[in-house]
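Engineer: Residues in the sequence shown are numbered consecutively from 244, following the working numbering.
C-beta atoms are modelled at their ideal positions from N, C-alpha and C, and glycine is treated no differently.
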Amino acid sequence: MDKPKLYKSKLQEDPYTLLRELSKARIALGNTGGSQSLKNVLQFQLDHAKARDAIYNEFEIKKIESDLKNLGLEIFKFKSKAKNREEYLKRPDLGKLLAETQIKNASGFDIIFTIVDGLSPEATLQSPKIIEALLPKLKEKYSIAISIVTNGRVAIGDEIAEKLNGKFTATFIGERPGLSSPKSLGIYTTYKPKSGTTDEKRNCISNIHSDGMSVTDAANLLEYLINESFSKKISGVSLKSDLKNHKIDHA
Numbered sequence: 244m245d246k247p248k249l250y251k252s253k254l255q256e257d258p259y260t261l262l263r264e265l266s267k268a269r270i271a272l273g274n275t276g277g278s279q280s281l282k283n284v285l286q287f288q289l290d291h292a293k294a295r296d297a298i299y300n301e302f303e304i305k306k307i308e309s310d311l312k313n314l315g316l317e318i319f320k321f322k323s324k325a326k327n328r329e330e331y332l333k334r335p336d337l338g339k340l341l342a343e344t345q346i347k348n349a350s351g352f353d354i355i356f357t358i359v360d361g362l363s364p365e366a367t368l369q370s371p372k373i374i375e376a377l378l379p380k381l382k383e384k385y386s387i388a389i390s391i392v393t394n395g396r397v398a399i400g401d402e403i404a405e406k407l408n409g410k411f412t413a414t415f416i417g418e419r420p421g422l423s424s425p426k427s428l429g430i431y432t433t434y435k436p437k438s439g440t441t442d443e444k445r446n447c448i449s450n451i452h453s454d455g456m457s458v459t460d461a462a463n464l465l466e467y468l469i470n471e472s473f474s475k476k477i478s479g480v481s482l483k484s485d486l487k488n489h490k491i492d493h494a
């Protein structure tokens, strides 16, 4: 004998189900009595654990180098003054400064792509894909080098570009892990970078991950920022007002 079909009344239906399907954000969680449901509590604990783990994930430098080796670009490797992960987290200022290092034969480059582990090292694995997508559009116009930095913060890209005589820096960095995006990449760009550059001189492309901005869209937007910065000789808030006129090519 077939089981009778069960139908939910309008009172039993969750009106926010569709909304939750459209976003990974923790929205409209509801409650059971005075508390959230057990399912939501457990999911929060899992997401929180993933975010904490993301900070300590291995920075896969060899994998990144392997993905970049066929691009024919010079690669420099650096460390910040933060000696380990614990010091990096407790002393953000040390992550902005290069450890003592000597750079030989740095004749100068137009663009320095700097890949930094940041707070989500695994997120940086997307960086070579973006650089590879960009290179055919840039290599005829600009000289390009790559640097890879352990235990770094955004500002360390400015000091590196200064030491390598770079005119423009794009710092690829693992963003602070969120409950819905533990592997999100950010890119910070600066024209005429130098030590002590402040944040209003930078442009930012953020939330590059599987449920956020795609690698293709990030590459297109970065290409725009590079060309505009060199054309107008500016970056940061001076350039930001023009971004509203930029349409990402999804082709």
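Rounded to whole angstroms, what's the CA-CA distance from R269 to L407? Just pull it up for me.
Structural biologist: Their Cα atoms are separated by approximately 43 Å.
Engineer: Would A297 and A376 qualify as a contact pair, given that the criterion is a beta-carbon distance under 7 Å?
Structural biologist: Result no, Cβ atoms of A297 and A376 do not sit closer than 7 Å.
Engineer: With a floor of 3 residues, list each beta strand (DSSP E) that falls wholly inside the stretch 308-364, ordered by position along the chain.
Structural biologist: As far as the stretch 308-364 is concerned, its whole beta strand (DSSP E) runs of at least 3 residues are 317-322 and 352-359.
Engineer: Applying the criterion that 16 or more other CB atoms from any shown protein chain within 10 Å of the CB defines a buried residue, is D336 buried or exposed?
Structural biologist: Exposed is the call here.
Engineer: Using only CA atoms, which one of Y431, S449 and N450 lies nearest to D442?
Structural biologist: Of the candidates Y431, S449 and N450, the one whose C-alpha sits nearest the C-alpha of D442 is Y431.
Engineer: If we ignore side chains and look at the alpha-carbon of each, how far apart do D452 and K372 end up?
Structural biologist: Inspection of the sequence shows that residue 452 is occupied by His rather than by Asp. Using only the alpha carbons, I get a separation of about 12 Å.
Engineer: Put G400 into one of helix, strand or coil per three-state DSSP.
Structural biologist: Note: G400 maps to helix in three-state DSSP.
Engineer: Hey, how far is the Cα of C447 from the Cα of H291?
Structural biologist: Cα to Cα, C447 sits roughly 25 Å from H291.
Engineer: Where does S424 land, buried or exposed, given buried means 16+ other C-beta within 10 angstroms?
Structural biologist: Counting Cβ neighbours within 10 Å, S424 comes out buried, since at least 16 surround it.
Engineer: Skipping 5 residues on each side, what residues in its chain have a beta carbon closer than 7 Å to that of K437?
Structural biologist: Closer than 7 Å at the Cβ level, and outside the excluded window around K437, lie D401 and E405.
Engineer: Helix, strand or coil for N450, going by three-state DSSP, please let me know.
Structural biologist: Of the three classes helix, strand and coil, the one that applies to N450 here is strand, per DSSP.
Engineer: Express the C-alpha separation of A325 and K476 in angstroms, rounding to a whole number.
Structural biologist: Straight-line Cα distance between these residues: approximately 33 Å.
Engineer: Quick check: the stretch 339-359 against the stretch 270-278, are at least 3 beta-carbon pairs closer than 8 Å?
Structural biologist: Segments in contact, no.
Engineer: Go ahead and label P502 buried or exposed: buried means 16 or more other beta carbons lie within 10 angstroms of its beta carbon, across all protein chains shown.
Structural biologist: Missing from the structure shown is residue 502; the chain here goes from 244 to 494 and no further.
Engineer: On the three-state DSSP scale, how would you describe K437?
Structural biologist: The answer is coil: DSSP assigns K437 none of H, G, I, E or B.
Engineer: Can you list, in chain order, the residues of its chain with a C-beta nearer than 8 Å to that of E466? Leave out the 5 residues immediately preceding and following it.
Structural biologist: Same-chain partners within the cutoff: L377, K380 and L381.
Engineer: Considering only DSSP beta bridges, list what G395 is partnered with.
Structural biologist: For G395, which the question treats as bridged, DSSP gives no partner whatsoever.
Engineer: Among K267, G439 and A413, which has the Cα closest to the Cα of G429?
Structural biologist: Among K267, G439 and A413, the Cα nearest to that of G429 is on A413.
Engineer: Start and end of the alpha helix (DSSP H) containing I270?
Structural biologist: Unbroken run through I270: none, as it is neither H nor E.
Engineer: If the criterion is Cβ atoms closer than 7 Å, does the pair R396 and G338 meet it?
Structural biologist: Yes, the Cβ-Cβ distance between R396 and G338 is below 7 Å.
Engineer: Per DSSP, A366 is paired with what?
Structural biologist: DSSP, once it has assigned bridges, lists no residue as partnering A366.
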